[in-house]
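Protein chains in written order, with this note's numbering: chain X, 683 to 945; chain Y, 683 to 945; chain E, 683 to 945; chain R, 683 to 945.
Here the structure comes first, spelled out in structure tokens, and everything after it is commentary.
4 protein chains.
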Amino acid sequence: MWFQVQASLTYSFAEPAEVLLMVEAARSHDQGVHAEGLTIAPATDIARLDDSVSGERRCVFTAAGQTAITYRADVEVLARECNLSGVSATAIRDLPGEALTYLRGSRYCPSDRFEAFVEREFAELLGGDKVQAILDWISAHVDYRAGVSDPATTALDTFVDRAGVCRDFTHLAISLCRAADIPARAVSAYAWKLKPPDLHAVAEVYLGGRWRLIDPSGRAPVDGLVRVATGRDAADIAFMSIFGRAELVGQSFAIRRIKVRAR
Amino acid sequence: MWFQVQASLTYSFAEPAEVLLMVEAARSHDQGVHAEGLTIAPATDIARLDDSVSGERRCVFTAAGQTAITYRADVEVLARECNLSGVSATAIRDLPGEALTYLRGSRYCPSDRFEAFVEREFAELLGGDKVQAILDWISAHVDYRAGVSDPATTALDTFVDRAGVCRDFTHLAISLCRAADIPARAVSAYAWKLKPPDLHAVAEVYLGGRWRLIDPSGRAPVDGLVRVATGRDAADIAFMSIFGRAELVGQSFAIRRIKVRAR
Amino acid sequence: MWFQVQASLTYSFAEPAEVLLMVEAARSHDQGVHAEGLTIAPATDIARLDDSVSGERRCVFTAAGQTAITYRADVEVLARECNLSGVSATAIRDLPGEALTYLRGSRYCPSDRFEAFVEREFAELLGGDKVQAILDWISAHVDYRAGVSDPATTALDTFVDRAGVCRDFTHLAISLCRAADIPARAVSAYAWKLKPPDLHAVAEVYLGGRWRLIDPSGRAPVDGLVRVATGRDAADIAFMSIFGRAELVGQSFAIRRIKVRAR
Amino acid sequence: MWFQVQASLTYSFAEPAEVLLMVEAARSHDQGVHAEGLTIAPATDIARLDDSVSGERRCVFTAAGQTAITYRADVEVLARECNLSGVSATAIRDLPGEALTYLRGSRYCPSDRFEAFVEREFAELLGGDKVQAILDWISAHVDYRAGVSDPATTALDTFVDRAGVCRDFTHLAISLCRAADIPARAVSAYAWKLKPPDLHAVAEVYLGGRWRLIDPSGRAPVDGLVRVATGRDAADIAFMSIFGRAELVGQSFAIRRIKVRAR
């Protein structure tokens, strides 16, 4: 499927500050990026710090005064295999080196704390069936509700609070998968059909020899996800990191399905 | 300087389990590894998952029954510039892409929590002088004392407890540096003159265009460090991760200075 | 000094709920309550659960629909000795029984976590001088700033965040005093000259044979405090506990100095 | 039933320190204390700080050098009604004033954090049936296992860790009951048939107009409990608080059933 994505961000900087931006569609194995445009007004020098392994696109610039950032792209998303049933776990020895880091605890995913729970609840399952059971458990025990969590909320908080938003569902799913020795990481994505439109937080698990996208909060179809950034948890995939201070003036994210373009 | 390092680890596995081992000296810009030998008894297949960026050496094998691991190497450590005074901070745009991850909070280094403290205490300093002031503050306010911390202890705990061991000093230093927008990461190392001998936890900060080793607990000279693993915090640099269960039978780490060998 | 205090609270209850109210001026050794009136509209049965030891006044009623609570009183506050300098600590054996509970950790005051810090920073001081040094340390290291903390914030958070409001200053002061084996508790009070007017959170320490009021955030004079509730921390002194759900319609607290009334 | 209880505690004090001791059987409505003896060697002055409301017995003395404390008593425990089925909750207005404090969060029982979980899992139940469902949930989801928890472990930790000892089970039960607006508190007790013998941590809930003992870890019969101290959680019921330093030399607790004595 083809999608057109757009991000519009306006911030006001009282003093010049460096900004790290991660809103561009990733150039990854499962999607192709076309007809892309990033504009920053007023114009400024942009340095690129793209990641070749994950395909994540990052750029850095110095912002001053009121700054408007606009990104637009047409993206082709390849069909994704979403069925986890029967997919085998990958032995540690067969993991790609960069997947090791996604077995470990992180800022919002203290997976070491969930080992006893995962052992107690899901010990008899393996691989994709275990991940599916974890997702089902989360669905049955956690409510989607705004206002319960904040930027400091961890998976441990969500496990206790039993409520949260997409970021919290994702952190909990990642934590439980890692506690089961299954590599899991966070992905930000433009999400077709997500209501209200926003940059969505989903997860990716390494099973059966490759990374597979899952949506722990179940708010949007996986085939309509246009991936942006990849990381251990929300700390890594923030769409904008400001090294200084700024005021939000306005921001919006949009995605719509488009007809296949002739190339 | 040249060092001979040795690790001897014996564990007993009631059932076969995969083991990820990170005790080998890194092949990095600041050290050369020679005359190296890793033996696992009984013999088993070893898969390598080395990291080309950091030079970190990792291997994975399946252990069963009582398993003895021995590693030995002669390592040449190049002279290191330890003086932080006057070294400038590196702009975000000039960081190598892989350094970005070390600006963010992690499992044991919730650096976002320390932004107000760092702003309050160290705002007027920059770059190497700021890092040095952070190290001095830690020295003056935290006691080196075993038994206060455990594997779940975070930098936030150490900041309150005002005591800990090398791992805790390292986590606190990393957290405070990241809160000041200076990339900081954890490094495990054989440490010459460390008493008692052990695998040491130190830190590395990105300043003046390159990574620089520091020893936040001040227990060993930086020029006598033989680096092993590199990561966000202790979660990443464990010398052994067992994906299953095992009993410790015995373990020791040793390092001694040796004469320069003719090559 | 004499003060007139007033509280006006309006809440809307979709379903009937029990409400525990603690806005009435305490009848304690250091203040006398006169010309008092509490009205709840629409009228409802009020059960009293006053505490004879602390003088705390509590009442319980069932609220339904939109409920307006008004409390007004004239209160005579006796002169308070605020100088802590040279006041001796009280031996544990000489404490009144009900003071023991205020030596221990509580929900927002995990005083056990601060023992090492207090020993490190204030070991050489005793009694009132130690409490004064603790208050001075807090003043010098914590900023008064709204929006940093929320109802879940503990003294440990404030110690790290280095900012908070009166409730947070009070929790930190209580925690540090208890860590020094000095009984300390939380008090809610109408506070003369507090800007903006609100129910204030202050503390009380047991020194030299009696409880002494202190204002850790230094926002209002101690002689102008009309005490209401007393407890271990904010969990105990909430002016209103709703056992069910309600919407806030409006609330205000006021205090003004009045001329001595002829009795 | 009649029981003989005994505590033997030996500590070594390098410097004189005040000690608060709570090992004596409480003089409460549900038990009578007879033939009691407390000896401290070497002899020292003992100050009493007993609590008339709970019947809790406390004494304070100054210890120096090696100090041996021995307590022995014959205690008659009245039959206790343990069946919670159908027992109604008590309205807030009908609670005794001292029960209010046991509705609130405390150091190890952050009950406010469990409100959503309790609402989700137990909303349709009331009073004793709700408490029984909470106890059943804990039994089904938490393992009794030593070594998982330490003195800093809270109910929130236990909820995640899914394992703990009697203290942890008690904290979790108390937290969940309070989150359901049922007053709950911690009680230390000599416990007949407890293996290995120790001072046991159990809970008490206020239902149907009175306090009712429950044993959340289910390790000992409620009719064989000789109650000692009562408080919000473990912070309040420690059998010995040392205001200074001491080394443990040895300690033991014993209880045996005895024949009814002629009085």
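For glycine and all other residues, C-beta sits at the position ideal for the given N, C-alpha and C.
Asked                                                                                                                                                                     : Found
Is the CB of alanine 838 of chain E under 8 Å away from at least one CB in chain Y?                                                                                       : Note that residue 838 of chain E corresponds to leucine in the displayed sequence, not to alanine. Yes, leucine 838 of chain E lies at the interface with chain Y (some Cβ there is under 8 Å from its Cβ).
Determine whether the Cβ of alanine 696 of chain Y lies closer than 8 Å to any Cβ atom of chain E.                                                                        : no
Among R:Gly891, R:Asp850, R:Val800 and R:Ser690, which has the Cα closest to the Cα of tyrosine 753 of chain R?                                                           : R:Ser690
Given a limit of 8 Å on CB to CB distance, which residues of the segment 852–883 of chain R reach chain E?                                                                : Asp863
Could you tell me whether the segment 769–786 of chain X touches the segment 703–717 of chain X, where touching means 3 or more Cβ pairs closer than 8 Å?                 : no
At 3 residues or longer, and completely inside the segment 824–907 of chain X: list those beta strand (DSSP E) runs for me, N to C.                                       : 866–873, 881–889 and 892–896
So with CB distances below 8 Å, who are the chain R contacts of arginine 656 of chain X?                                                                                  : This structure does not reach residue 656 of chain X, given that chain X is present from 683 up to 945, and the question cannot be answered.
Measuring alpha carbon to alpha carbon, tell me which of R:Ala798, R:Gly737 and R:Ala729 ends up nearest leucine 777 of chain E.                                          : R:Ala729
Which residue marks the beginning of the alpha helix (DSSP H) containing isoleucine 774 of chain R, and which one marks its end?                                          : Careful: isoleucine 774 of chain R lies outside any alpha helix (DSSP H) and carries neither H nor E.
Listing by chain order, which chain R residues have their CB less than 8 Å from the CB of isoleucine 816 of chain E?                                                      : Neighbours of isoleucine 816 of chain E on chain R: none; closest Cβ ~18 Å, over 8 Å.
Going by DSSP, what residues sit across from phenylalanine 1033 of chain E in a beta bridge?                                                                              : An answer regarding residue 1033 of chain E cannot be provided, because it is not within the stretch 683 to 945 covered by chain E.
Rounded to whole angstroms, what's the CA-CA distance from phenylalanine 695 of chain R to glycine 932 of chain R? Just pull it up for me.                                : 13 Å
Look at the Cβ atom of arginine 642 of chain R, then the Cβ atom of serine 793 of chain R, and state whether they are nearer than 8 Å.                                    : This structure does not reach residue 642 of chain R, given that chain R is present from 683 up to 945, and the question cannot be answered.
For arginine 754 of chain Y, which residues does DSSP report across the bridge?                                                                                           : Y:Gln688 and Y:Gly719
Taking only three categories from DSSP, how would you classify tyrosine 693 of chain Y?                                                                                   : strand
Can you tell me which of the three DSSP states valine 942 of chain Y falls into?                                                                                          : coil
Short of 8 Å Cβ to Cβ, which residues in the segment 781–801 of chain Y face chain E?                                                                                     : Arg795, Phe796, Ala798 and Phe799
I want to verify the contact list: residues of chain E whose CB lies under 7 Å from the CB of alanine 773 of chain R, in sequence order.                                  : Glu700
Using the three-state DSSP reduction, which class does glycine 779 of chain X fall into: helix, strand or coil?                                                           : helix
Inspect the CB distances between the segment 721–736 of chain X and the segment 846–861 of chain X and report whether three or more fall short of 8 Å.                    : no
Just checking: is the beta-carbon of phenylalanine 925 of chain Y within a distance shorter than 8 Å of some beta-carbon in chain X?                                      : yes
Compare the Cα-Cα distances from aspartate 732 of chain E to each of E:Phe804, E:Val910, E:Ile924 and E:Val942 and report the closest residue.                            : E:Val910
Using CA atoms only, rank isn't needed, just tell me which of Y:Ile924, Y:Ala866 and Y:Phe925 is closest to alanine 781 of chain Y.                                       : Y:Ala866
With a threshold of 8 Å, are at least 3 pairs of Cβ atoms found where one atom belongs to the segment 741–757 of chain Y and the other to the segment 821–838 of chain Y? : no
Would you mind sorting threonine 721 of chain R into buried or exposed? The rule is 16 or more other CB atoms within 10 Å of its CB.                                      : exposed
Applying a beta-carbon distance threshold of less than 9 Å, which residues of chain E neighbour aspartate 733 of chain R?                                                 : Gly779, Glu780 and Leu782
Counting C-beta neighbours from all protein chains within 10 Å, is the total for valine 760 of chain E 16 or more, i.e. buried, or is it exposed?                         : Note that residue 760 of chain E is leucine in the sequence shown, not valine. Exposed: under 16 other Cβ atoms inside 10 Å.
Does the beta carbon of valine 742 of chain Y sit closer than 8 Å to a beta carbon anywhere in chain X?                                                                   : yes
Run through chain E and tell me which residues come within less than 9 Å of aspartate 918 of chain R, C-beta to C-beta.                                                   : Leu782, Thr783 and Arg786
Taking the Cβ atom as the reference point for each residue, do valine 800 of chain Y and leucine 889 of chain Y lie within a distance shorter than 8 Å?                   : no
For chain R, is any of its Cβ atoms less than 8 Å away from the one on alanine 911 of chain E?                                                                            : no
Flag this pair as yes or no: are the beta carbons of valine 869 of chain X and threonine 912 of chain X separated by less than 8 Å?                                       : yes
Would the segment 713–720 of chain Y count as touching the segment 911–928 of chain X if we require 3 or more Cβ pairs under 8 Å?                                         : no
For alanine 920 of chain Y, tell me which candidate among X:Thr783, X:Arg802, X:Ile751 and X:Leu817 has the shortest Cα-Cα distance.                                      : X:Thr783
Taking the beta strand (DSSP E) that alanine 729 of chain Y belongs to, which residues open and close that run?                                                           : 728–730
Tell me which same chain residues have a C-beta within less than 7 Å of the C-beta of leucine 876 of chain X, skipping the five on either side of it?                     : His882, Arg901 and Ala902
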